[in-house]
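Here the structure is laid out as structure tokens; the discussion comes afterwards.
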Amino acid sequence: MVEQNWYAVLGLTATASSTDIKRAFRKLAHIYHPDKHNNPVYFEQFKQIQKAYEILGNLDSKRLYDKSIQLEGKSTSSQPTIQTVDDLAKYFHLFEREMQQTDIRFVNYDRIKWKLNYPLFLPLIQEIIQSGSFQEQQKIVKQIGYILHFLPYHEVQPYQEKLMHCFFEESHLHYISQLIKEKKIESKWNQFTIPLVAILSALLCLGIYLLSK
């Protein structure tokens, strides 16, 4: 996993002053504070904001962070810089390709959520998405939908609120709602099939045992 871009978490660049860092932290902490949202996705983002400020708000730790990424031959944009809807589409295109090549048996849910949270919780993500045309927004919402299909329902459902705030076209909102419904149905079906398979296996073993008598 690449080095987290703590500047991007606060919506800043490496040229940000200590005043800029403090102002950005206060603004984002107010928006994502757990007291305002009973949503694990927002809580996770709040922790990321806190971590970013712990590192960048302290001169010594900030100096060490800046030095570490320089020594590793990285820039503070080790994660792709996302400033336009085209940047966002490219980010999700690469993410989508990565998931297409992933062995479903070894899916890392934490990594998926980490890579989803980076763009979805950028301070200007709503403006970036809505600056795109209908077709561009449709492409992005379907890319996100494809990625979310790899997560179980209880991991997908918390993203609904955030996505509903990022998109406004009726067809896109319907797509998001439908995705959540499908994941919920899938979850209930999985709860049903696991005990059913166990029962059938037990009956099969019993049948084999009785036939062998």
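Take any residue in the sequence shown, count from 1 to its spot, add 150: that is its number in my numbering. Using N, Cα and C, we set each Cβ at its ideal position, and we do this for glycine too.
Item checked: Whole-angstrom distance between L360 and K292, CA atom to CA atom -> Stepping through the sequence shown from its first residue, residue 292 is reached at position 142. Stepping through the sequence shown from its first residue, residue 360 is reached at position 210. One C-alpha to the other measures close to 52 Å.
Margin query: Looking at the secondary structure, which residues open and close the alpha helix (DSSP H) in which G295 lies?
Written below: Here residue 295 corresponds to residue number 145 of the sequence shown, with the count starting at 1. Its alpha helix (DSSP H) spans residues F284 to L298.
Margin query: Output needed for S225: all residues of its chain with C-beta closer than 6 Å, excluding positions within five of it in sequence on either side, in chain order.
Written below: For the purposes of this step, residue 225 is identified with residue 75 of the sequence shown, where counting begins at 1. Interpretation of S225 is limited by its pLDDT of 46, a score under 50 that renders its predicted location unreliable; the figure taken from the coordinates is listed afterwards. Cβ neighbours of S225 beyond the five flanking positions: none.
Item checked: Proximity to A174 [Cα-Cα], best of V235, W156, N189 and L354 -> Within the sequence shown, the letter at position 24 stands for residue 174. Of the candidates V235, W156, N189 and L354, the residue whose Cα lies closest to the Cα of A174 is W156.
Next item on the list: Would you kindly work out how many angstroms separate the C-alpha atoms of C355 and F342, rounded to a whole number?
Entry: Taking the first residue of the sequence shown as 1, we reach residue 355 at position 205. Taking the first residue of the sequence shown as 1, we reach residue 342 at position 192. Computed Cα separation, rounded: 20 Å.
Next item on the list: Ignore the nearest five residues each way along the sequence and tell me which others in K334's own chain have a CB closer than 7 Å to its CB.
Entry: Sequence index remark: in the sequence shown, residue 334 carries index 184 (1-based). The answer, listed in chain order, is Y303.
Item checked: Short Cβ contact (8 Å threshold) for I279 with I290 -> One-based indexing of the sequence shown puts residue 279 at position 129. One-based indexing of the sequence shown puts residue 290 at position 140. When the beta-carbon positions are compared, I279 and I290 come within less than 8 Å of each other.
Item checked: Host alpha helix (DSSP H) of D260 (start-end) -> For this step, residue 260 is matched to residue 110 along the sequence shown. Y259 to L270 is the extent of the alpha helix (DSSP H) around D260.
Note to self: Judging by CA-CA distance, which residue of S283, Q285, L301 and F284 is the nearest neighbour of F256?
What the structure shows: For the purposes of this step, residue 256 is identified with residue 106 of the sequence shown, where counting begins at 1. For the options S283, Q285, L301 and F284, the alpha carbon positioned closest to that of F256 is the one of L301.
Note to self: Whole angstroms are fine: how far does the CA of S218 sit from the CA of F318?
What the structure shows: Working through the sequence shown from its first residue, we reach residue 318 at position 168. Working through the sequence shown from its first residue, we reach residue 218 at position 68. Take the alpha-carbon of F318 and the one of S218: they are about 41 Å apart.
Next item on the list: Quick one: using the 10 Å Cβ neighbour count with 16 as the cut-off for buried, is A352 buried or exposed?
Entry: Translated into the one-based positions of the sequence shown, residue 352 becomes position 202. Exposed, by the Cβ-count rule.
Next item on the list: Answer yes or no: do P273 and G161 have a C-beta to C-beta separation smaller than 8 Å?
Entry: The residue labelled residue 273 in the question sits at position 123 within the sequence shown. The residue labelled residue 161 in the question sits at position 11 within the sequence shown. Taking 8 Å as the Cβ cut-off, P273 and G161 qualify as a contacting pair.
Item checked: Own chain, CB closer than 8 Å to I326, minus 5 neighbours either side, in chain order -> As a working mapping, residue 326 is identified with position 176 in the sequence shown. These residues qualify, in order along the chain: V291, G295, Q310, L313, M314 and F317.
Next item on the list: Verify whether the separation of the beta carbon atoms of K263 and G207 is less than 8 Å.
Entry: Here the question's residue 263 lines up with position 113 in the sequence shown. Here the question's residue 207 lines up with position 57 in the sequence shown. Going by C-beta atoms, K263 is not nearer than 8 Å to G207.
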